[in-house]
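*Asks:* In this note's numbering, the protein residues as written are 270 to 631. C-beta atoms are modelled at their ideal positions from N, C-alpha and C, and glycine is treated no differently. Quick one: this structure, given as structure tokens, is what I'll be asking you about.
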């Protein structure tokens, strides 16, 4: 009996050592973490959201042009284990608010502000409230954006809208996704200039127009997308991505149901009832139909729609949707090159003509 106990203890120790080596090899953190994404709000309401994870990859610190390293780094993003039903709390305006994570570890705070929140970026801290981890004081830091006084809210898709992704070509998409990194991936020519002009139009130098990045890509890719946007000097914004995926689902990344994008944009439109919206997408998937549905559901609220043409065989059906949108009174631009979109934005007053010749390497 004693021999069996000793053997069992030795076996457990061996398993633990193997586990530690795997965690070290893949740079995985097996302690609870709270990831807080960029939230958003208005003068009277604040939205903060994120994930609680039991297993998560450490953030990438170095970037090398090595396809093996890039594949390894991308796969790590899907090596996650959610912390379901975890208690979390945050402080806002001196008050403490509580929430609980869902089955996939996702949590969300919706706070009614007593005092009008000033425009700009605000720091927030979300703390883990589980008794067994109280001594460790686990927390996650994030930001909340309250827009300045502006007429428009800009909502952009990501893949094949400003980030070259080949979304409609499965093999090509997976090849680029797995072998490139956030610093080696490329934006479409001219798109950074276009977004820069839109963000800065009609505002003081520190008062940019709000940008929201809404995509079918999963929350696993949050830091990847954030790094790409920072590296390429795209406007700082709020990210609204799709449900977290596990490692077994990595080959289906970006293939989630697109209907949820409709509802994510609906929440934004309802959050800013006094502002009109400008939407950016592409014709590789469902953006034209989703945006047409938004025009129908919110007459007069969608000021303009921009659809990048990346699919050669999609022109006729997409053009019919575009014509329907234009007939409803919403401005629409179906373009190949961003310079076409910039010219259109000038013609409808989204960009000042005297800003076109900005001397930037965009």
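Determine the contact status of residue 315 and residue 357, defining contact as a CB-CB distance below 8 Å.
*Replies:* Contact: no.
*Asks:* Tell me, please, which residues DSSP counts as bridged to residue 358.
*Replies:* Bridge partners of residue 358: 367, 396.
*Asks:* Could you give the DSSP three-state label for residue 552: helix, strand or coil?
*Replies:* Coil at residue 552, not helix or strand.
*Asks:* Please go through the same chain and pick out, in chain order, the residues whose beta-carbon is closer than 6 Å to the beta-carbon of residue 282, but skip the five residues on each side of it.
*Replies:* If we look at residue 282 and ignore the five residues flanking it on each side, it has no Cβ neighbours.
*Asks:* Does the beta-carbon of residue 319 have 16 or more other beta-carbons within 10 angstroms, so that it is buried, or is it exposed?
*Replies:* Under this definition residue 319 is a buried residue.
*Asks:* How is the beta strand (DSSP E) around residue 537 delimited, first residue to last?
*Replies:* Not the beta strand (DSSP E): residue 537 falls in the alpha helix (DSSP H), residues 528 to 540.
*Asks:* Under the three-state reduction of DSSP, which class applies to residue 507: helix, strand or coil?
*Replies:* In this structure, residue 507 counts as strand in the three-state DSSP scheme.
*Asks:* Helix, strand or coil: which one does DSSP assign to residue 307?
*Replies:* If DSSP states are grouped into helix, strand and coil, residue 307 belongs with coil.
*Asks:* Classify residue 558 as helix, strand or coil using the three-state DSSP reduction.
*Replies:* Helix, per DSSP.
*Asks:* Please classify residue 273 as buried or exposed, where buried requires at least 16 neighbouring CB atoms within 10 angstroms.
*Replies:* The pLDDT assigned to residue 273 is 47, lower than 50, so where the model puts this residue is not dependable; a value taken from the coordinates is nonetheless given after this. Exposed, because fewer than 16 other Cβ atoms sit within 10 Å of the Cβ of residue 273.
*Asks:* Residues in the same chain with beta-carbon distance under 7 Å from residue 450, minus the five sequence neighbours each way, listed in chain order, please.
*Replies:* Same-chain partners within the cutoff: 332, 339, 342.
*Asks:* How is residue 483 classed by DSSP in three states: helix, strand or coil?
*Replies:* Residue 483 falls in the strand class under three-state DSSP.
*Asks:* Does DSSP put residue 456 in a helix, a strand or coil?
*Replies:* Three-state result, residue 456: strand.
*Asks:* Using the DSSP secondary-structure output, state which residues sit across from residue 294 in a beta bridge.
*Replies:* None, per the DSSP bridge assignment.
*Asks:* Let's see if you can read the secondary structure: which residues bound the alpha helix (DSSP H) around residue 608?
*Replies:* From DSSP, the alpha helix (DSSP H) with residue 608 extends over 607 to 616.
*Asks:* Measure the alpha-carbon distance for residue 396 versus residue 411 and round it to whole angstroms.
*Replies:* The alpha-carbon atoms of residue 396 and residue 411 are separated by roughly 11 Å.
*Asks:* State the Cα-Cα distance for the pair residue 625 and residue 419, rounded to the nearest angstrom.
*Replies:* Each residue's alpha carbon lies about 20 Å from the other.
*Asks:* Using a Cβ-based criterion (distance less than 7 Å to any ligand heavy atom), does residue 290 qualify as near the ligand PLP?
*Replies:* Looking at this structure, you won't find the ligand PLP or any other ligand, since it has none at all.
*Asks:* Just to confirm the assignment, what range does the beta strand (DSSP E) spanning residue 577 have?
*Replies:* Counting along the chain, the beta strand (DSSP E) containing residue 577 begins and ends at 571 to 577.
*Asks:* If we count the other Cβ atoms within 10 Å of its Cβ and call it buried at 16 or more, is residue 470 buried or exposed?
*Replies:* Classification for residue 470: buried.
*Asks:* Hey, quick one: how far does the beta strand (DSSP E) through residue 325 stretch, first residue to last?
*Replies:* Residue 325 -> beta strand (DSSP E) spans 314 to 326.
*Asks:* What is the rounded straight-line gap between the Cα of residue 592 and the Cα of residue 563?
*Replies:* Their backbone Cα atoms lie some 15 Å apart in a straight line.
*Asks:* Residue 545 bridges to which residues according to DSSP?
*Replies:* DSSP output for residue 545 lists 421 as bridge partner(s).
*Asks:* For the candidate residues 447, 310, 510, 368, whose alpha-carbon lies nearest to that of residue 388?
*Replies:* Answer by Cα proximity: 310.
*Asks:* Have a look at residue 459 and residue 608 and give me their C-alpha separation to the nearest angstrom.
*Replies:* Their Cα atoms are separated by approximately 6 Å.
*Asks:* The beta strand (DSSP E) with residue 379 in it runs from where to where?
*Replies:* Start and end: 375 to 381.
*Asks:* To the nearest angstrom, how far is the alpha carbon of residue 374 from that of residue 484?
*Replies:* Residue 374 and residue 484: Cα-Cα distance of roughly 19 Å.
*Asks:* Check the DSSP bridge columns for residue 632 and list the partner residues they point to.
*Replies:* The chain is shown only over 270 to 631; residue 632 falls outside these bounds and no answer can be derived.
*Asks:* By Cβ distance, which residues of its chain are closer than 7 Å to residue 556, with the 5 residues on each side in sequence left out?
*Replies:* Closer than 7 Å at the Cβ level, and outside the excluded window around residue 556, lie 426, 550, 576.
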